[in-house]
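As C-alpha coordinates, the structure follows; a few thoughts come after it.
Here it is in C-alpha coordinates:
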(Lines of atoms letter the chains of each structure in order from A and count residues from 1; the text may use other names and numbers.)
(Lines give C-alpha, C1' and ligand atoms only; values in the text may rest on other atoms or scores of the structure.)
Protein backbone atom coordinates (compact mmCIF):
# COMPACT_ATOMS: atom_id res chain seq x y z
CA UNK A 1 0.00 0.00 0.00
CA UNK A 2 1.13 3.53 -0.72
CA UNK A 3 -0.11 6.66 1.03
CA UNK A 4 0.75 10.00 -0.49
CA UNK A 5 -0.28 13.61 -0.57
CA UNK A 6 -0.55 13.81 3.22
CA UNK A 7 -2.59 16.76 4.46
CA UNK A 8 -3.95 18.00 7.76
CA UNK A 9 -7.41 19.58 7.79
CA UNK A 10 -8.84 22.11 10.25
CA UNK A 11 -12.03 24.05 10.71
CA UNK A 12 -11.16 27.71 11.33
CA UNK A 13 -13.41 30.18 13.12
CA UNK A 14 -12.04 33.65 13.79
CA UNK A 15 -13.63 37.00 14.56
CA UNK A 16 -12.77 40.59 15.31
CA UNK A 17 -14.88 43.65 16.11
CA UNK A 18 -16.02 43.96 12.46
CA UNK A 19 -16.54 40.46 11.09
CA UNK A 20 -16.34 36.70 11.50
CA UNK A 21 -14.67 34.11 9.30
CA UNK A 22 -15.65 30.42 9.08
CA UNK A 23 -13.61 28.16 6.83
CA UNK A 24 -11.85 24.91 6.08
CA UNK A 25 -8.06 24.80 6.04
CA UNK A 26 -5.76 22.14 4.62
CA UNK A 27 -2.04 22.11 5.38
CA UNK A 28 0.24 19.93 3.27
CA UNK A 29 3.32 18.01 4.42
CA UNK A 30 5.53 21.04 3.64
CA UNK A 31 3.45 23.17 6.08
CA UNK A 32 2.05 25.20 3.20
CA UNK A 33 -1.63 26.08 3.01
CA UNK A 34 -2.87 23.89 0.18
CA UNK A 35 -6.43 25.18 0.57
CA UNK A 36 -8.20 27.69 2.81
CA UNK A 37 -11.73 28.70 1.88
CA UNK A 38 -14.86 29.81 3.64
CA UNK A 39 -17.40 32.50 4.32
CA UNK A 40 -17.31 35.93 5.88
CA UNK A 41 -20.03 37.29 8.16
CA UNK A 42 -20.67 40.62 9.84
CA UNK A 43 -20.89 40.87 13.64
CA UNK A 44 -24.60 39.98 13.44
CA UNK A 45 -23.82 36.73 11.56
CA UNK A 46 -25.11 38.06 8.23
CA UNK A 47 -23.28 36.62 5.23
CA UNK A 48 -21.05 39.22 3.56
CA UNK A 49 -18.87 37.17 1.19
CA UNK A 50 -16.46 34.33 0.66
CA UNK A 51 -12.74 33.78 0.24
CA UNK A 52 -10.18 31.33 -1.09
CA UNK A 53 -6.44 31.17 -0.43
CA UNK A 54 -3.66 28.70 -1.23
CA UNK A 55 0.11 28.43 -1.49
CA UNK A 56 1.06 26.23 -4.45
CA UNK A 57 4.72 26.62 -3.43
CA UNK A 58 6.87 28.71 -1.13
CA UNK A 59 6.52 32.47 -1.78
CA UNK A 60 3.63 31.99 -4.25
CA UNK A 61 0.03 32.59 -3.16
CA UNK A 62 -3.42 32.69 -4.74
CA UNK A 63 -6.02 34.78 -2.96
CA UNK A 64 -9.59 35.54 -3.93
CA UNK A 65 -12.34 37.43 -2.12
CA UNK A 66 -15.77 37.39 -3.76
CA UNK A 67 -19.30 38.69 -3.26
CA UNK A 68 -18.01 41.33 -0.83
CA UNK A 69 -19.31 44.89 -0.97
CA UNK A 70 -16.68 47.38 -2.06
CA UNK A 71 -17.16 49.31 1.19
CA UNK A 72 -15.80 46.39 3.26
CA UNK A 73 -13.39 44.82 0.76
CA UNK A 74 -10.27 46.28 2.35
CA UNK A 75 -11.35 45.25 5.87
CA UNK A 76 -12.17 41.75 4.59
CA UNK A 77 -8.81 41.31 2.90
CA UNK A 78 -6.97 42.61 5.97
CA UNK A 79 -8.90 40.25 8.25
CA UNK A 80 -8.18 37.24 6.03
CA UNK A 81 -4.48 38.17 5.93
CA UNK A 82 -4.38 38.55 9.73
CA UNK A 83 -6.05 35.14 10.10
CA UNK A 84 -3.55 33.53 7.72
CA UNK A 85 -0.63 35.14 9.55
CA UNK A 86 -1.91 33.74 12.87
CA UNK A 87 -2.35 30.30 11.31
CA UNK A 88 1.21 30.40 9.91
CA UNK A 89 2.56 31.25 13.38
CA UNK A 90 0.85 28.16 14.80
CA UNK A 91 1.72 25.48 12.24
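Residue numbers (this note's numbering): 975 to 1065. Ideal placement from N, C-alpha and C gives every residue a C-beta, glycine not left out. Keep in mind the model is a prediction, meaning the values are calculated, not measured.
| query | result |
| --- | --- |
| Closest to residue 994 by CA distance: which of 1036, 1013, 1040 and 1042 is it? | 1013 |
| Using the beta-carbon count (16 or more within 10 Å), is residue 982 buried or exposed? | exposed |
| How would you label residue 987, buried or exposed, when you count the other beta carbons within 10 angstroms and need 16 or more for buried? | exposed |
| To the nearest angstrom, how far is it from the Cα of residue 996 to the Cα of residue 978? | 28 angstroms |
| Output the residue ranges of the alpha helix (DSSP H) runs that lie fully inside the stretch 1006 to 1053 and measure 4 residues or longer, sorted by chain position. | none |
| Got a sec? Which residues, its chain only, sit under 6 angstroms from residue 1029 by beta carbon, not counting five neighbours each side? | 1006, 1007 and 1035 |
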